[in-house]
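Protein chains in written order, with our numbering: chain A, 292 to 555; chain B, 1386 to 1691.
Beta carbons: idealized from backbone N, C-alpha and C, even for Gly.
Model, not experiment: these values are computed from the prediction.
Input: a single structure, listed below in structure tokens.
Okay, here's the thing in structure tokens:
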């Protein structure tokens, strides 16, 4: 049925795909321009903007901090989310729909509002623990992704395989490790990857709580756009675009997770 | 015999389930998450909504007590009303235009060859992994006075001195459409791929043109996906902060920028809380309209395709 798509549609799709990619290609072109200002089309070829950015201690600190934060947030999301997903998929819980609503509502309430609300709470409590504030804020947002991915996998687990294993004399621990875990693993993996990405990319929560010593990459990038005018911004953008490409490759090829699930 | 079946039942139920009733295990497993979200999400959000009704800043001093003053101020000040209208306008235009652009892409994903479907999906969704600051920056590099679009227009002779789009509502709109397009394409593609192909084939065999097939079959039957897409894109665009900030500058702020100004620059927490509450109301309203009312309305048409 490939012939259902007429050539006018194919041309429109091609144009749209070019438009989707354009804002990701233009910064890459500009990043190699051997000019003191950002110009299009780029003139000459240089990699000096990349070395400038990579050697910048602020940029390094931001990148390291974002990795650390996303790692901690993903661990907390795993610890909270995997048992919660198991409970939602397997057990009859009183007030199940209410709980489901609570778990998914951070995806509905605008992130910027969640951020303000948390900032107000922390101000009221007199908290100055910036890292903990950021970790809590990010976890609120990452948890729904984790629970959705893991409970999706849990629902698909073949219960009769578990029963068969225990009839054959496997201990509950053995059943969990050898029968249930391999079936749930793809969901846990997807949840881990998504929660890491959501935390690493977050802007609207971080903007309220970050300070000079805790400055995630997206905030750093925004600051750079506002303060500097040479192609090093384009170089940072390029590095982040290549980082995303690398992520896509790892997610799709190594983990076998479709990135399309991020948008659904 | 009874002893044997009893033995199997005892073995097949994991030991820990014998000690605790199922209910209790489930509650224990989910309790930490529920507590965490109640304390660190539901409570602060409700607290903030309450603040917008119980406090007001008058001449720089906080006045406690029930009040609608923050909302009166929001709806009676020309500047704020303009920002509110701009937000609704941009979110509305972004969701409608992205629907228009998403249909060809969704059809290619749902009805194209597997190879085409895969490529279109990857290209459409991949930008989601690129930080939104970078994507917005990409548009500012295209739309500014010396940017790629200006160069393209000049070198192709279409315009000698094109007006730069950067720092206008148009720039904000274009970037919002790009940033949120995947959230429109994917639900649409899912909805279209659920439509029975034989309905289209029947229409084509009966002599309907491709255009007629689209308007009479694909469009009405994909309405559930469209309403999911519209409510997602509208909600996300209405609450956008970074994209309008980078592409609109201070000349076309949206509600998100207003919240940030009130709280960070002016420390007017109650008014900032009122604008935030307004954002929640807008988002819940659009979700209610599109996911509940519109879907119920069209359920008659789409019953078999869902």
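Could you check how far apart the C-beta atoms of residue 411 (chain A) and residue 1441 (chain B) are, in whole angstroms? I think they sit under 8 Å.
Not really, about 16 Å apart at Cβ, beyond 8 Å.
CA-CA distance, residue 1435 (chain B) and residue 1568 (chain B)?
Rounded to whole angstroms, residue 1435 (chain B) to residue 1568 (chain B) spans 32 Å at the Cα level.
Considering only the beta carbon of each residue, do residue 1584 (chain B) and residue 1520 (chain B) sit closer than 7 Å?
Contact flag unset, no.
If I measure Cβ to Cβ from residue 1560 (chain B) and keep anything under 6 Å in the same chain, skipping five residues before and after, which residues do I get?
Cβ neighbours of residue 1560 (chain B) beyond the five flanking positions: 1521, 1524, 1628, 1632.
Kindly indicate which residue of A:388, A:354, A:299, A:429 has the alpha-carbon position closest to the one of residue 506 (chain A).
That would be A:354, whose Cα lies nearest to the Cα of residue 506 (chain A).
Give me, in chain order, the residues of the same chain whose beta-carbon lies closer than 7 Å to that of residue 371 (chain A); leave out the 5 immediate sequence neighbours on both sides.
Result list for residue 371 (chain A): 434, in chain order.
Does any C-beta atom of chain B lie closer than 7 Å to the C-beta of residue 465 (chain A)?
Not an interface residue.
Classify residue 527 (chain A) as helix, strand or coil using the three-state DSSP reduction.
Looking at residue 527 (chain A) - three-state DSSP - the assignment turns out to be helix.
Alpha carbon to alpha carbon, how far is residue 1466 (chain B) from residue 1458 (chain B)? Give it in angstroms, no decimals.
Cα to Cα, residue 1458 (chain B) sits roughly 9 Å from residue 1466 (chain B).
Would you kindly check if the distance between the Cβ of residue 481 (chain A) and the Cβ of residue 548 (chain A) is under 7 Å?
The answer is yes: Cβ separation under 7 Å.
In whole angstroms, what separates the C-alpha of residue 1498 (chain B) from that of residue 462 (chain A)?
Looking at the two C-alpha atoms, the distance is approximately 47 Å.
Check each candidate in B:1597, B:1489, B:1484 and name the one with the smallest Cα separation from residue 298 (chain A).
Checked all of B:1597, B:1489, B:1484; the closest Cα to residue 298 (chain A) is B:1489.
Between which two residues does the beta strand (DSSP E) carrying residue 1446 (chain B) extend?
Here the beta strand (DSSP E) through residue 1446 (chain B) covers 1446-1449.
On the criterion of 16 or more Cβ atoms from any shown chain inside 10 Å, does residue 1671 (chain B) qualify as buried, or is it exposed?
Residue 1671 (chain B) is buried by the Cβ-count criterion.
Would you kindly report the start and end of the unbroken alpha helix (DSSP H) that includes residue 497 (chain A)?
497-500 is the extent of the alpha helix (DSSP H) around residue 497 (chain A).
For a cutoff of 7 Å on Cβ pairs, would you count residue 507 (chain A) as touching chain B?
No, residue 507 (chain A) lies away from the interface with chain B (no Cβ there is under 7 Å from its Cβ).
Ignoring anything shorter than 4 residues or poking outside the segment 386-446 of chain A, list the alpha helix (DSSP H) runs there in chain order.
Here the runs fully enclosed are 387-395, 402-416, 421-446.
Which residue spans inside the segment 303-342 of chain A form an unbroken alpha helix (DSSP H) run of at least 4?
DSSP runs (the alpha helix (DSSP H)) wholly in the segment 303-342 of chain A: none.
In the segment 1423-1453 of chain B, which residues sit with their C-beta less than 8 Å from some C-beta in chain A, listed in chain order?
Against chain A - using a Cβ distance shorter than 8 Å - the residues of the segment 1423-1453 of chain B are 1423, 1425, 1426, 1427, 1428, 1429, 1430, 1432, 1433, 1436.
Would you mind stating whether residue 485 (chain A) and residue 445 (chain A) have Cβ atoms separated by less than 7 Å?
No, Cβ-Cβ distance for residue 485 (chain A) and residue 445 (chain A) is not below 7 Å.
At which residues does the alpha helix (DSSP H) containing residue 556 (chain A) begin and terminate?
Beyond the ends of chain A as shown, which are 292 and 555, falls residue 556 (chain A); an answer cannot be given.
Against residue 1411 (chain B), what residues of chain A qualify as contacts under a CB-to-CB distance less than 8 Å, listed in chain order?
Near residue 1411 (chain B) (Cβ distances below 8 Å), the residues of chain A are 378, 381, 382, 383, 384.
Just to check my reading of the structure: residue 1430 (chain B) and residue 400 (chain A) have Cβ atoms closer than 8 Å, yes? What is that Cβ distance to the nearest angstrom?
Indeed, because the Cβ distance is near 6 Å, the residues count as touching under 8 Å.
Could you tell me whether the Cβ atoms of residue 560 (chain A) and residue 477 (chain A) are closer together than 7 Å?
This structure leaves residue 560 (chain A) out entirely; chain A is present only between 292 and 555.
Assuming contact is defined by CB atoms lying nearer than 7 Å, are residue 334 (chain A) and residue 342 (chain A) in contact in what I supplied?
In this structure, residue 342 (chain A) does not lie closer than 7 Å to residue 334 (chain A) by Cβ.
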